[in-house]
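In the UniProt record's numbering, the protein residues as written are 1 to 120.
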Amino acid sequence: MSKELIQRAKKGNIDALNELIEKYKSVAFSIAFKYLKNKEDAEDITQNAFIIVLRSIKKFRNESKFSTWLYKIIYHECLKVLKSRNLMIEYIPEFTQIEAAEVKDETKKVDHKIDELLSH
Numbered sequence: 001m002s003k004e005l006i007q008r009a010k011k012g013n014i015d016a017l018n019e020l021i022e023k024y025k026s027v028a029f030s031i032a033f034k035y036l037k038n039k040e041d042a043e044d045i046t047q048n049a050f051i052i053v054l055r056s057i058k059k060f061r062n063e064s065k066f067s068t069w070l071y072k073i074i075y076h077e078c079l080k081v082l083k084s085r086n087l088m089i090e091y092i093p094e095f096t097q098i099e100a101a102e103v104k105d106e107t108k109k110v111d112h113k114i115d116e117l118l119s120h
């Protein structure tokens with residue numbers, strides 16, 4: 001992720017913010033779907049996560065990858081939903097070490113699985 005893109009987003013550049021959303025929306029959905037196992041809930045969490053990103057991007061300090069920060073936001077949003085249903089999820093700290101290519105591969109697998117499930 002380009003530090004310049006993050007800096008532009010922090011300054012409120014709409015194009016940069018849109019680029020972040022476009023770049024990460026399928027990954028965000030895949031993570032949420034993995035935890036919630038429900039398309040509509042995953043879509044809601046994805047939308048909520050990006051609202052949080054838009055409101056909080058200025059607080060992002062580049063101490064971690066943007067994807068790690070986004071993952072934590074999604075994780076906490078999923079946790080709220082599952083707690084409200086008296087369910088729990090397991091936090092996966094190893095995600096912080098996943099490289100972008102691995103995330104893309106995983107996203108493709110999840111997207112394919114979702115397509116399979118929706119076609120039945």
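Virtual Cβ for every residue (Gly too), placed ideally from N, Cα, C.
Simplified DSSP state of residue i, which is helix, strand or coil
| i | result |
| --- | --- |
| serine 64 | coil |
| arginine 85 | coil |
| asparagine 13 | coil |
| lysine 37 | coil |
Proximity of residue i and residue j at Cβ, strictly below 8 Å
| i | j | result |
| --- | --- | --- |
| cysteine 78 | tyrosine 24 | no |
| alanine 9 | isoleucine 57 | yes |
| serine 60 | isoleucine 21 | The sequence as given places phenylalanine at residue 60; serine does not occur at that position. Result no, Cβ atoms of phenylalanine 60 and isoleucine 21 do not sit closer than 8 Å. |
| leucine 17 | leucine 70 | no |
With 16 other Cβ atoms within 10 Å as the buried cut-off, status of residue i
| i | result |
| --- | --- |
| serine 64 | exposed |
Residue i versus residue j: straight-line alpha-carbon distance, rounded
| i | j | result |
| --- | --- | --- |
| aspartate 41 | phenylalanine 33 | 8 Å |
| valine 27 | arginine 85 | 24 Å |
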